[in-house]
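Novice:
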Amino acid sequence: MHEVIRGIEAGDRACIALGLDFIEEDQHFPFGRTIKSDVARALRRAELDEGQKERARRRIVSMLIQGKVPHEYKQYAKLLRRVGVGEHWPEVEARVSRENPYVMRWFRYFRQAFGR
Numbered sequence: 002m003h004e005v006i007r008g009i010e011a012g013d014r015a016c017i018a019l020g021l022d023f024i025e026e027d028q029h030f031p032f033g034r035t036i037k038s039d040v041a042r043a044l045r046r047a048e049l050d051e052g053q054k055e056r057a058r059r060r061i062v063s064m065l066i067q068g069k070v071p072h073e074y075k076q077y078a079k080l081l082r083r084v085g086v087g088e089h090w091p092e093v094e095a096r097v098s099r100e101n102p103y104v105m106r107w108f109r110y111f112r113q114a115f116g117r
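When we follow my numbering, the leftmost residue of the sequence shown carries the number 2, and every step to the right adds one.
#1: What residue does the alpha helix (DSSP H) around His3 start on, and which one ends it?
#2: Thinking C-beta only, is Leu80 closer than 8 Å to Leu44?
#3: Tell me whether the beta-carbon of Glu92 lies closer than 8 Å to the beta-carbon of Val62.
#4: Find out if the Cβ-Cβ distance for the pair Phe108, Val86 is shorter than 8 Å.
#5: Suppose only complete runs of 4+ residues qualify. What are the alpha helix (DSSP H) ranges in the region 32-61, listed by chain order?
#6: Which residue spans inside the region 74-117 form an unbroken alpha helix (DSSP H) run of at least 4?
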């Protein structure tokens with residue numbers, strides 16, 4: 002996966018697609034937390050086209066709505082800040098679990114970041 006991260010950093014479109022596939026994967030991997038954080042960080046710095054930005058948005062927003070905010074979500078949140086929330090904010094506001102303090106931490110972060 003480290004080769005893919007280097008490819009993302011170099012702007013390789015195939016590596017960017019693989020990186021997006023990887024962050025969309027729910028399966029647990031050895032060192033997955035660290036590797037997924039590194040992939041998200043590389044994607045944040047890469048030049049993404051609109052389709053790739055939308056893939057990242059959908060994944061990060063769906064994780065928040067589902068209450069899945071693992072350690073690597075910090076890097077996912079930074080990626081979402083960079084690509085923007087797009088048209089997903091009303092869905093986030095309507096469906097986010099307000100009882101989950103971990104989810105609410107990121108909800109407040111996004112609300113402040115996007116000026117909502």
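Yeah, the Cβ is synthetic: ideal placement off N, Cα and C, and Gly gets one too.
Just so it is clear, the structure is predicted and the values come from calculations on it, not from any experiment.
Specialist: According to the structure shown:
#1: His3 to Glu10
#2: yes
#3: yes
#4: no
#5: 33-46
#6: 74-84, 90-96 and 102-114
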